[in-house]
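What follows is one structure encoded as structure tokens, with my remarks underneath.
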Amino acid sequence: MHGFPKEVRSWIYNFFNIEHSVAYLKIDAQLCIVAKGGNIKHYGLSSLCIGKPVAEQLAFMEGLLPCPELPFHMAMVELPSGRVADLHLFADNGCVWLLFLDATAERDNRQRLQQKAYEMTLLQERERQLNEKLHSTNEALRESQEGLSREYQRAESLLLNILPASIAERLKADEQIADSHAEVSVLFADIVGFTERARSVGAETTLAILNYFFKAADLLSERYGCEKIKTIGDCVMVVAGLPVARSDHAEALAHYALELREAVKRERFAGQPLRLRIGIHSGPIVAGVIGKRRFAYDLWGETVNLAARIQTSAEPDEIRISDATHKLLGPDFACDPLAETELRGTGRVRMWRLPA
Numbered sequence: 001m002h003g004f005p006k007e008v009r010s011w012i013y014n015f016f017n018i019e020h021s022v023a024y025l026k027i028d029a030q031l032c033i034v035a036k037g038g039n040i041k042h043y044g045l046s047s048l049c050i051g052k053p054v055a056e057q058l059a060f061m062e063g064l065l066p067c068p069e070l071p072f073h074m075a076m077v078e079l080p081s082g083r084v085a086d087l088h089l090f091a092d093n094g095c096v097w098l099l100f101l102d103a104t105a106e107r108d109n110r111q112r113l114q115q116k117a118y119e120m121t122l123l124q125e126r127e128r129q130l131n132e133k134l135h136s137t138n139e140a141l142r143e144s145q146e147g148l149s150r151e152y153q154r155a156e157s158l159l160l161n162i163l164p165a166s167i168a169e170r171l172k173a174d175e176q177i178a179d180s181h182a183e184v185s186v187l188f189a190d191i192v193g194f195t196e197r198a199r200s201v202g203a204e205t206t207l208a209i210l211n212y213f214f215k216a217a218d219l220l221s222e223r224y225g226c227e228k229i230k231t232i233g234d235c236v237m238v239v240a241g242l243p244v245a246r247s248d249h250a251e252a253l254a255h256y257a258l259e260l261r262e263a264v265k266r267e268r269f270a271g272q273p274l275r276l277r278i279g280i281h282s283g284p285i286v287a288g289v290i291g292k293r294r295f296a297y298d299l300w301g302e303t304v305n306l307a308a309r310i311q312t313s314a315e316p317d318e319i320r321i322s323d324a325t326h327k328l329l330g331p332d333f334a335c336d337p338l339a340e341t342e343l344r345g346t347g348r349v350r351m352w353r354l355p356a
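The sequence shown begins at 1 in full-length UniProt numbering and counts up by one.
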């Protein structure tokens with residue numbers, strides 16, 4: 001190593017100490033190789049010929065020499081052997097010393113890191129896409145669940161508009177609904193002169209009047225614990241005492257009838273106040289759900305038929321009750337007796353008038 005410039009010897013010594021594989025070339029002013037040594041086989045440089053231009057033997061050196069400024073460093077140079085080296089060039093009395101320091105391991109490590117970084121980027125991108133898809137799926141699922149919940153609540157609301165709550169629960173449990181009730185009170189109420197007055201007003205006004213009447217019937221049903229069973233044209237049918245039995249069913253329906261009569265008087269139809277005919281009878285009935293797609297909760301029996309007959313016999317603004325209902329009301333309701341009346345399909349019936 002005594003032939004090397006001091007700076008070159010120092011470099012080679014340091015690189016050997018840190019276990020670098022070193023090769024070197026000495027290049028004269030004519031850019032020909034005048035000396036070579038070190039681990040030149042490691043780099044595939046053993047075929048380089050002394051005395052011939054370096055650029056003809058190492059293409060990557062073309063135009064590099066003479067360097068304007070020395071020392072000079074070229075990092076990570078690909079050699080013909082496929083290895084990678086850091087090149088260091090030093091000046092020495094018109095010659096240039098060129099040191100090859102092995103950087104293959106560093107290159108390979110860098111490539112591994114780049115590959116890992118690339119793979120990590122792919123994984124992160126895949127994770128992002130999966131998270132987006134999961135978020136989208138969760139959002140769609142949440143919206144679907146909310147939609148199902150809204151539809152369920154809507155279906156529940158519609159069901160409770162058609163059926164009493166306890167009947168609806170039994171129906172959802174796939175139970176057949178057919179019940180006998182020993183003692184209930186049934187009311188029928190219709191609008192006096194509805195058909196004639198409906199001819200003189202438009203459909204919009206007619207529907208508004210019916211809506212007002214039936215809404216009032218609904219609100220009073222909730223207040224007195226009665227059940228509005230159905231509407232038939234301009235007539236409403238209400239029952240007290242089912243689906244849960246109660247001893248005061250006749251009193252509840254009597255209060256209901258009085259308030260319903262007063263409620264509709266506040267509305268006018270074809271220029272006249274609304275007036276009702278109301279009939280009430282008490283007794284046993286059969287109740288159940290009929291139909292499959294358009295099911296309905298309805299009542300049957302002589303009690304229902306007689307309540308309807310009593311209602312049709314009533315005068316405008318009159319609430320007529322049967323003798324059976326009058327006996328259940330007791331002294332709290334001062335009723336006016338009516339003469340026995342012949343009712344179609346029933347015979348002579350004793351009735352009472354429920355005053356205001």
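Quick reminder that beta carbons are idealized off the backbone N, C-alpha and C, glycines included.
Near residue i, which residues of its chain fall below 8 Å by C-beta distance, leaving aside the five closest residues on each side in sequence?
i, result
"Leu-338", "Arg-320, Arg-350, Met-351, Trp-352 and Arg-353"
"Val-244", "Ser-166"
"Ala-257", "Leu-187, Ala-189, Ile-278, Ile-280, Ile-319 and Leu-354"
"Pro-71", "Glu-7, His-88, Leu-89, Phe-90 and Ala-91"
"Leu-328", "Ser-185, His-249, Ala-250, Glu-251 and Ser-282"
"Thr-346", "Asn-305, Leu-306 and Arg-309"
"Glu-139", "none"
In terms of residue numbering, what span does the alpha helix (DSSP H) encompassing residue i cover?
i, result
"Ile-167", "165 to 172"
"His-249", "249 to 264"
"Ser-200", "194 to 200"
"Val-77", "Segment 72 to 78 is the beta strand (DSSP E) holding Val-77; no alpha helix (DSSP H) there."
"His-326", "323 to 329"
"Ile-27", "Where Ile-27 is concerned, there is no enclosing alpha helix (DSSP H), although the beta strand (DSSP E) it sits in stretches over 22 to 27."
"Glu-302", "302 to 313"
Please tell me whether residue i and residue j are closer than 9 Å, where the distance is taken between their beta carbons.
i, j, result
"Asp-250", "Thr-325", "The amino acid at residue 250 is misidentified as Asp; the sequence shows Ala. Cβ atoms of Ala-250 and Thr-325: closer than 9 Å."
"Ala-287", "Ala-178", "yes"
"Leu-299", "Val-201", "no"
"Phe-269", "Arg-197", "yes"
"Val-264", "Ile-191", "yes"
"Leu-98", "Ser-21", "no"
"His-73", "Leu-87", "yes"
"Arg-107", "His-42", "no"
"Val-54", "Ile-40", "no"
"Ile-229", "Tyr-152", "no"
"Asp-234", "Thr-195", "yes"
"Ile-290", "Val-184", "no"
"Leu-220", "Pro-164", "no"
"Gly-193", "Gln-272", "yes"
"Ala-173", "Glu-156", "no"
Give the single residue among the options whose Cα lies nearest to the Cα of residue i.
i, options, result
"Asp-323", "Arg-294, Arg-197, Leu-306 and Leu-79", "Leu-306"
"Ser-282", "Tyr-297, Val-304 and Gln-145", "Val-304"
"Glu-222", "Asp-234, Thr-231, Leu-130 and Leu-253", "Leu-253"
"Glu-342", "Ile-310, Leu-328 and Asp-332", "Ile-310"
"Arg-261", "Arg-112, Gly-51, Ile-50 and Tyr-212", "Tyr-212"
"Thr-312", "Phe-333, Arg-344 and Glu-175", "Arg-344"
"Ala-23", "Ser-46, Leu-31 and Gln-30", "Ser-46"
"Glu-302", "Arg-246, Ala-182, Asp-332 and Phe-333", "Ala-182"
Please check the pair residue i and residue j, which I expect to be a contact at CB under 8 Å, by giving their CB distance rounded to whole angstroms.
i, j, result
"Glu-267", "Ile-209", "7 Å"
"Cys-95", "Ile-27", "6 Å"
Between which residues of its own chain and residue i is the CB-CB distance below 6 Å, once the five residues before and five after are set aside?
i, result
"Asp-317", "Arg-275"
"Leu-25", "Ile-33, Lys-36 and Leu-98"
"Ala-217", "Lys-228 and Val-236"
"Ser-180", "Val-286"
Cutting at 7 Å between CB atoms, please list the residues of its own chain near residue i, excluding the five before and the five after it.
i, result
"residue 361", "A query on residue 361 cannot be resolved here, the shown segment of the chain reaching from 1 to 356 and no further."
"Asp-336", "Trp-352, Arg-353 and Pro-355"
"Gly-330", "none"
"Leu-123", "none"
"Ala-85", "Tyr-43, Val-77, Leu-79, Phe-100, Leu-101, Asp-102 and Ala-103"
"Cys-226", "Val-238, Val-239, Ala-240, Ala-252, Leu-253 and Tyr-256"
"Glu-340", "Arg-348, Val-349 and Arg-350"
"Phe-60", "Val-77"
Starting from residue i and walking both ways along the beta strand (DSSP E), at which residues does that stretch end?
i, result
"Val-244", "First-last for Val-244: undefined, no H or E at that position."
"Asp-190", "178 to 191"
"Phe-214", "Element bounds for Phe-214: not the beta strand (DSSP E) but the alpha helix (DSSP H), 203 to 224."
"Ser-282", "276 to 290"
"Glu-56", "Where Glu-56 is concerned, there is no enclosing beta strand (DSSP E), although the alpha helix (DSSP H) it sits in stretches over 54 to 57."
"Ile-33", "33 to 38"
"Lys-41", "From DSSP, Lys-41 is part of no beta strand (DSSP E); its letter is neither H nor E."
"Cys-227", "Here residue 227 is Glu; the residue named in the question, Cys, does not match the sequence. Start and end: 227 to 232."
"Gly-347", "347 to 349"
"Asp-332", "Looking at the DSSP string, Asp-332 is not in any beta strand (DSSP E), and its letter there is neither H nor E."
"Leu-343", "341 to 343"
"Ala-356", "Element bounds for Ala-356: n/a, residue is neither H nor E."
"Phe-100", "95 to 102"
"Asp-86", "84 to 92"
"Ala-240", "235 to 240"
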